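Q:
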Amino acid sequence: MALLRMRTAQGANATEIEKKIKRGNALRQGSAWRGSRGLAALLAVVVVCVCAAAVWLYVSSLDSEITETLVRQAELVSPRPRVYSVPCSEDYENYKRYPGCTPLKCGRAVTDAVVTREESQVLKRLAERGLALAGSDGGASILDLHSGALSMGKQFVNIYRNVRERIQAEIAETFGLDPTLLYLTKPTFFSRINGTIAKTQHDEYWHPHIDKVTYGSFDYTSLLYLSDYGSDFTGGRFIFMDDNGNRTVEPRAGRVSFFSSGTENLHRVEKVEWGTRFAITVSFTCDPAHGISDPAIP
Ligand SMILES: O=C(O)CCC(=O)C(=O)O
Ligand SMILES: [Fe+2]
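The numbering of the sequence shown is the UniProt record's numbering, which starts it at 1 and goes up by one.
1. For the alpha helix (DSSP H) containing Q155, list its first residue and its last residue.
2. Would you say the beta carbon of D211 is closer than 7 Å to some non-hydrogen atom of ligand 1?
3. Spell out the partners DSSP gives S151 in its beta bridges.
4. On the criterion of 16 or more Cβ atoms from any shown chain inside 10 Å, does P103 qualify as buried, or is it exposed?
5. Where A40 and R247 are concerned, what is the direct C-alpha to C-alpha distance, given to the nearest angstrom?
6. Have a look at R161, L182 and V213 and flag the residue whose alpha-carbon is nearest the alpha-carbon of E170.
7. Who are the near neighbours of I292 in its chain, counting only those whose CB is closer than 7 Å to its CB and skipping five residues on each side?
8. Look up F284 in the DSSP assignment and give the residues it is bridged to.
9. The alpha helix (DSSP H) spanning R164 covers which residue range?
10. Can you say whether C49 is buried or exposed, counting buried as having 16 or more other CB atoms within 10 angstroms of its CB?
11. Quick check on the DSSP output: what are the complete alpha helix (DSSP H) runs of length 4 or more inside the region 90-134, in order along the chain?
12. With a 10 Å radius around its C-beta and 16 neighbouring C-beta atoms as the bar for buried, classify G176 as buried or exposed.
13. Would A253 pass as a contact of L223 if the rule is Cβ separation under 8 Å?
14. Are there any heavy atoms of ligand 1 lying less than 7 Å away from the beta-carbon of V269, as far as the coordinates show?
15. Should V135 and I193 be called a contact, given that it needs their Cβ atoms to be closer than 8 Å?
16. Candidates G245, D219, E204 and T116: which alpha carbon is nearest G236's?
17. Restricting to Cα atoms, I'd like to know which of T234, S231, I210 and D287 is closest to F259.
18. What's the C-alpha gap between R16 and S36?
19. Our contact map puts S217 next to T285 with C-beta atoms below 8 Å; I'd like the distance itself, whole angstroms only.
20. Confirm the yes/no value for this check: CB of T281, any heavy atom of ligand 1, distance under 7 Å.
21. Taking the DSSP output, what are the residues bridged to S257?
22. Identify, in the order they occur along the chain, each residue of the same chain with its Cβ nearer than 8 Å to the Cβ of P87, setting aside the five sequence neighbours on each side.
23. For H290 and Y215, I'd like the C-alpha separation in whole angstroms.
24. Does the distance from the C-beta atom of R72 to that of E270 stay below 8 Å?
25. Identify whether Y205 lies in helix, strand or coil by the three-state DSSP scheme.
26. Can you give me the C-alpha to C-alpha distance between P79 and T111, rounded to a whole angstrom?
27. What does the Cβ neighbour count give for I197, buried or exposed, with the cut at 16 atoms within 10 Å?
28. Determine the contact status of F156 and I280, defining contact as a CB-CB distance below 8 Å.
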């Protein structure tokens, strides 16, 4: 009986011990499981972070706006232009060369000293009035006024009021050319751009292009800005697309940006996000056959 009680007691102890062992094992397994789950979660966080960083790096490498700003809107580039030289492309080899005009030195330059902000305001009002007569359904409208000649009494005035001549002189001085050997060429046009969705191909102003390829006769392109990046509109920066990155010019009313028109100056305009951007494209050729002159007084 005593033996039986002892055995029973021993049996009861054994069961108790077994239970404790099982509980211990379960607890150990549970904490091991929790431990490995924590590790997995940590790993997942690390993987997500690495992926996010990779995506961010990739997207920012694609983001054309961030490489370098050549000239900011708030800066005043005066009295000397800010000049950036770039090697000439071979484009000019495919055309007849005109000594004293065909680019030997290529590059891009920006000046705020050639056209005053007041003059740019007068031209902007003209563009506003002209474009108010019609305008594209999409975001980009142009008003093409080549020579700018306007009848007045018995003669002509020019809506550009010497602006074109001053730009021509500045281009000639910067690139070491004879100003009399540069000819105004077409198209010369006012542009008005806003954030409206494009309706036709004509509204898609943002595509990268080379002016010499797009317009044929261009040797030097100039852009006269009539409104201010940041306050009149956002987006709409001018972007030079170089092999080693993009370089932007922020438009400013009265600012003239000019450059040789070949492949060395591949460029595009950033999409306008908000507001309205006005500019004039004024371009020059070395080929007198492509030049346009003011109407002569009979
Ligand atoms: O308006 C601009 O900033 C550039 C326009 C342009 O690229 C062009 O007219 O060819
Ligand atoms: Fe262009």
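All residues carry an ideal CB built from backbone N, CA and C; glycine is no exception.
The structure presented is a predicted model; accordingly, all values stated were derived computationally and were not measured.
A: This is what the structure gives:
1. Per DSSP, Q155 lies in no alpha helix (DSSP H); the unbroken beta strand (DSSP E) holding it starts and ends at Q155 to N158.
2. Because some heavy atom of ligand 1 lies under 7 Å away, the Cβ of D211 counts as near it: yes.
3. The partner list for S151 (beta bridge, DSSP) reads F156.
4. Residue environment: P103 is assigned as buried (16 or more neighbouring CB atoms within 10 Å of its CB, all protein chains considered).
5. Between the alpha carbons of A40 and R247 lies a gap of roughly 44 Å.
6. Among R161, L182 and V213, the Cα nearest to that of E170 is on L182.
7. Excluding positions up to five away in sequence, the list reads H146, S147, L184, T185 and K186.
8. Beta-bridge analysis with DSSP links F284 to L184 and Y220.
9. Where R164 is concerned, the enclosing alpha helix (DSSP H) stretches over V163 to F175.
10. Per the 10 Å Cβ criterion, exposed.
11. Runs of the alpha helix (DSSP H) lying entirely within the region 90-134 and spanning at least 4 residues, in chain order: 117-132.
12. Classification of G176: exposed, given that the 10 Å Cβ count is below 16.
13. Contact flag unset, no.
14. Yes - ligand 1 has a heavy atom lying nearer than 7 Å to the Cβ of V269.
15. Per the sequence presented here, residue 135 reads as Gly, with Val not at that position. Cβ distance not < 8 Å, so G135 and I193 don't count as in contact.
16. The shortest C-alpha to C-alpha distance from G236 to any of G245, D219, E204 and T116 is the one to E204.
17. Selection T234, S231, I210 and D287 evaluated against F259 yields I210 as nearest (Cα-Cα).
18. According to the sequence shown, residue 16 is Glu rather than Arg. E16 and S36: Cα-Cα distance of roughly 30 Å.
19. Contact annotation, S217 with T285: C-beta distance approximately 4 Å; criterion of less than 8 Å satisfied.
20. Correct: T281 has its Cβ closer than 7 Å to ligand 1.
21. Per DSSP, the beta bridge partners of S257 are V110 and L223.
22. Excluding positions up to five away in sequence, the list reads C106 and E264.
23. Those two C-alpha atoms are separated by around 11 Å.
24. In this structure, R72 keeps its C-beta atom at 8 Å or more from the C-beta atom of E270.
25. Coil.
26. Straight across, the Cα-Cα distance linking P79 with T111 is about 8 Å.
27. Result: exposed.
28. Result no, Cβ atoms of F156 and I280 do not sit closer than 8 Å.
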